[in-house]
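Asker: Residue numbers (the UniProt record's numbering): 1 to 116.
Below you will find the structure I want to go over with you.
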Amino acid sequence: MHEHLKCSDHQQFASNPENFRLLDSVIEKLPTFSEFLAQRSNQLSPRPNDVESSSMPSSVYRVISPLAKADEIAKSSTCKLKVTLFIITYFTFTIEFVLIILAQSLIMLALAAGLS
């Protein structure tokens, strides 16, 4: 990522204000954090037929739908690679945020259990 930020392609992309308008329009198409969490919770259970008929582990099905949507958005953009990287970063950040919240909740529960 660090190398990409220093490369001439990225520098040229970042110096063009039109690209930020395109990026803003892509961001506006993304779900809000609460919408993303609601969609994500609906996607965590793969359909039984899909799992039975495939050799892929069920964990793979948990990420197919969000990535497919990201791919759709990226294909409609003039900056496919850059937009795809941004969307993947967005999903990664969101997942990390949720994991942090879950970890904090577990710590709070452990502390509460220890105090009672």
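Don't be surprised by glycine CBs; every beta carbon is placed ideally from N, CA and C.
Within 10 Å of its beta-carbon, does residue 87 have 16 or more other beta-carbons around it, so buried, or fewer, so exposed?
Answerer: Burial call: buried.
Asker: Rounded C-beta distance between residue 90 and residue 5? I'm assuming under 8 Å.
Answerer: No, residue 90 and residue 5 are not in contact; Cβ-Cβ is about 17 Å, not under 8 Å.
Asker: Can you tell which of 100, 95 and 109 has its C-alpha closest to the C-alpha of residue 33?
Answerer: Measuring from the Cα of residue 33, the nearest candidate turns out to be 95.
Asker: Considering residue 31, what are the terminal residues of the alpha helix (DSSP H) in which it resides?
Answerer: Neither: residue 31 is in no alpha helix (DSSP H) and is coded neither H nor E.
Asker: Could you tell me the distance, in whole angstroms, from the CA atom of residue 25 to the CA atom of residue 106?
Answerer: Each residue's alpha carbon lies about 37 Å from the other.
Asker: In whole angstroms, give me the CA-to-CA distance for residue 21 and residue 102.
Answerer: Their backbone Cα atoms lie some 35 Å apart in a straight line.
Asker: Quick check: the Cα distance between residue 27 and residue 114, rounded to an integer number of angstroms?
Answerer: If I take the Cα positions, the gap works out to 43 Å.
Asker: Three-state secondary structure (DSSP) at residue 15?
Answerer: Three-state DSSP puts residue 15 in coil, outside helix and strand.
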